[in-house]
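Data first, discussion second: the structure below is written as structure tokens.
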Ligand SMILES: *Cc1c(COP(=O)(O)O)cnc(C)c1O
């Protein structure tokens, strides 16, 4: 093809949108036609601007225009069909709410892959009859919680609490200690959620001290349940006291005791002495226990209701249960998390400080060899996810120039560290050891100036 004759409108020699889209399509099989056409259109608009601005300088030949359009269109294509980007969590925050809380274990990811297709989520293949939804996840849960009489899985922890209170106390009264009227984060206040069920909340006790007597005095015929909510994200120290689940169970107030443990920790963990576990709440005598499955349990987003069979059944049969049900992907990933090896959240919580120090020093040596200033410094991790406030997880981090924070954060995959005291800290606690190399390459790529020494020599002779 040749350049247009003088006097021709240069825009008329631009390639057609469909031609650019056709040329783009083979490399963009992960996108539908409208996305590819949109990228072609964006590219041609930019090119039209270039050509118009360039009208009195020589016009590129048709082939060049086509190549230029294609290059612009490729740059305009999204990198993948979904915009969520992998972030390597080097913050040292184990359950990072803004990073999607628990990263799934490899077996849970594999379970997701299978469940993504058509699967027997509600079909018994042996009898060809309808099967109970989530039966596998429930069986895995009861294997991990041998004392749990019955269970139900819903969409998230808030849904579990919502369903429990709706099924047990809508139109009646629920007792809750004033010290447990908490905000979980981002404006999510549990009392507001509880009131939305149509239950009346009756405050018991004070902010710092609540006794069994307070509950006893608040009891009347309208009370349908007693709620205990774990104030996950803060601690009250000093002159304080609470009626524990065990105290309330012993007092036998004649209505169900519902305990929201929050984190989904299944059994007590000596490293997290203030985190109530589902098993401990049941042992203490709770009639119904609710929790998340994606905080310390380390699974997908989900909510658990565990406890007395009649109460679990009342929740399961409530019409709201259908609106809150867990999807097949979550059920599959939850079952695999429960049956599989320790999920990443557990590994990160239990990471050995000496091992972390060794990984950091290997990373720092590699970076220094690449000409990047890097030191190994002591740095505590935290549990996060609004849980275990005040618990420090002793560990180490690689300290870098804070100017690297933005380029590391905006690349793909992103690397998110923590800026503290004028340094960027990369804590490897929540990075899979297999990804250490990825972190090293990301830092080197961000730290190495693009200008080669030769170019610098030209710029600064
Ligand atoms: C996190 C939390 C919830 C909400 O659980 P989600 O899974 O986020 O819906 C409810 N109660 C407590 C005590 C929590 O810590």
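In my numbering, the protein residues as written are 1 to 461.
Glycine included, each C-beta is placed from N, C-alpha and C at the ideal position.
Open item on the list: When you compare the CB positions of residue 89 and residue 446, do they come within less than 8 Å of one another, or not?
Closed with: no
Open item on the list: residue 229 and residue 190 - do their beta-carbons sit closer together than 8 Å?
Closed with: yes
Open item on the list: Suppose contacts are defined by Cβ-Cβ distances below 8 Å. Is residue 161 in contact with residue 193 by that definition?
Closed with: yes
Task: Closest residue to residue 299 among 307, 331, 287 (Cα-Cα distance) - done: 331
Open item on the list: Could you check if residue 161 belongs to the surroundings of ligand 1, using beta carbon to heavy atom distance under 7 Å?
Closed with: yes
- [ ] Reducing DSSP to helix, strand and coil, say where residue 96 ends up.
- [x] strand
Open item on the list: Is it buried or exposed, residue 82, if we count other Cβ atoms within 10 angstroms and call 16 or more buried?
Closed with: exposed
Open item on the list: Rounded to whole angstroms, what is the Cα-Cα separation between residue 214 and residue 245?
Closed with: 14 Å
Open item on the list: Taking the beta strand (DSSP E) that residue 306 belongs to, which residues open and close that run?
Closed with: 303-307
Task: Check: residue 156 C-beta below 7 Å from any heavy atom of ligand 1 - done: yes
Task: Collapsed DSSP secondary structure at residue 316 in the structure displayed - done: helix
Open item on the list: Which same chain residues end up closer than 8 Å to residue 349 when comparing Cβ atoms and leaving out the 5 residues on each side of it in sequence?
Closed with: 94, 269, 271, 272, 296, 383, 393
TODO: For residue 228, verify whether its CB is less than 7 Å away from any heavy atom of ligand 1.
DONE: no
Task: Helix, strand or coil at residue 177 [DSSP, three-state] - done: strand
TODO: Keeping to the same chain, check which residues put their C-beta closer than 6 Å to that of residue 456; ignore five residues upstream and five downstream.
DONE: Confidence at residue 456 is low in this model, with a pLDDT of 38, below 50, so its placement is unreliable and the value that follows should be read with caution. Answer for residue 456: no residue qualifies.
- [ ] Would you mind stating whether residue 367 and residue 399 have Cβ atoms separated by less than 8 Å?
- [x] no
Task: Rounded separation between residue 1 and residue 13 - CA only - done: Note that residue 1 has pLDDT 44, beneath the 50 cutoff, so the model's placement of it is unreliable and the number below is only indicative. The alpha-carbon atoms of residue 1 and residue 13 are separated by roughly 10 Å.
TODO: Assign residue 146 to one of two classes, buried (16 or more other C-beta atoms within 10 Å of its C-beta) or exposed (fewer than that).
DONE: exposed
- [ ] Check whether the segment 259-268 touches the segment 122-137, taking contact to mean three or more Cβ pairs, one atom from each stretch, closer than 8 Å.
- [x] no
Open item on the list: I need the straight-line Cα distance from residue 412 to residue 224, nearest angstrom please.
Closed with: 52 Å
Task: For residue 172, the three-state DSSP class (helix, strand or coil) - done: coil
Task: residue 196 burial status per 10 Å Cβ neighbour count (16 or more: buried) - done: exposed
Open item on the list: Taking its Cβ as the centre, do 16 or more other Cβ atoms sit within 10 Å of residue 103, making it buried, or is it exposed?
Closed with: buried
- [ ] Whole angstroms is fine: what's the gap from residue 76's alpha carbon to residue 42's?
- [x] 7 Å
Open item on the list: List, from N- to C-terminal side, the beta strand (DSSP E) runs of 3 residues or more that fit wholly inside the segment 223-264.
Closed with: 223-229, 257-262
Task: Given residue 200 as reference, the closest of 175, 180, 422 once Cα atoms are compared - done: 175
Open item on the list: For the beta strand (DSSP E) containing residue 292, name the first residue and the last one.
Closed with: 288-292
Task: DSSP-derived helix/strand/coil call for residue 389 - done: strand
Open item on the list: Pop quiz: residue 243 and residue 210 are said to be a contact at Cβ under 8 Å. What is the actual Cβ separation, rounded to whole angstroms?
Closed with: 6 Å
Task: Presumed contact (8 Å Cβ cut-off) between residue 92 and residue 381, rounded CB distance - done: 4 Å
Task: residue 100 CB to nearest heavy atom of ligand 1 below 7 Å - done: no
Task: Sub-8 Å separation of residue 108 and residue 333 beta-carbons - done: yes
- [ ] Using DSSP bridges, identify the partner residues of residue 425.
- [x] 399, 418
TODO: Could you check which residue in 433, 283, 361 has the C-alpha nearest to that of residue 149?
DONE: 283
Open item on the list: Going by DSSP, what residue range makes up the beta strand (DSSP E) through residue 203?
Closed with: 200-204
TODO: May I ask you to list the residues that DSSP assigns as paired with residue 129?
DONE: 124
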